[in-house]
Structures are given as structure tokens and as C-alpha cells.
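For reference, the structure discussed in these notes is given below.
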Amino acid sequence: MSSDPLIASLSAALDARPDDLPLRLHLAALLLDAGRAGEAIAQIGQALARDPGNGEAQALMQRALGGPV
1162 MSSDPLIASL SAALDARPDD LPLRLHLAAL LLDAGRAGEA IAQIGQALAR DPGNGEAQAL
1222 MQRALGGPV
């Protein structure tokens, strides 16, 4: 696991604000870009549990699972 300071900072912010979906999705996108798909999928799954119709979360999940974007 890489120690990307931005990912670490966003993770800490999300610990303080777990209901912040835009923050969660931003973190998920960064995790995907860093090659950390498993962690990204967990974050996206939490976002979709709170807002199943969220188009950004759905697109990120497709990307994470290797589907068409």
C-alpha cells in the first residue's frame, strides 16, 4: 500500500465526515488512480448504499470493476 499524503488526508477527513458523499467519491477516484481498486470498491459501495441512484458512484463502480465507462 502506497502512502499517498492526499489519500491519507482524505481518509482522515472522511473519518470525521462519513456522510460526505462527494468526499467519499473523490477518495474512491484517487484510490482507483493509485491502483487500489479493492479499497475504491469499498468506498464506492458505501456511497451507493447511501445513494443508490448516484450516477457518479455508479460510473466509478463500473470503472473499478473494469466495465465500460
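Going by my numbering, the sequence shown opens with residue 1162, and the numbers climb by one from there.
Note that the Cβ used here is the ideal one computed from N, Cα and C, for glycine as well.
Separation of the CB atoms of Ala1203 and Leu1193 is rounded to 12 angstroms, and the pair is thereby denied contact status at 8 angstroms. If you ignore the 5 residues before and after Leu1209, its C-beta comes within less than 8 angstroms of the C-beta of Asn1215, Ala1218, Gln1219, Met1222, all in its own chain and listed in chain order.
Counted as a single uninterrupted DSSP element, the alpha helix (DSSP H) harbouring Leu1167 occupies residues 1166 to 1177. Leu1209: member of the alpha helix (DSSP H) spanning 1198 to 1211, first to last residue. The DSSP-derived three-state label of Leu1221 is helix. Leu1175 is a Cβ neighbour of Leu1184, given a cutoff of 7 angstroms. About 14 angstroms separates the CB atoms of Ala1195 and Ile1205; that is not less than 8 angstroms, and the two are not in contact.
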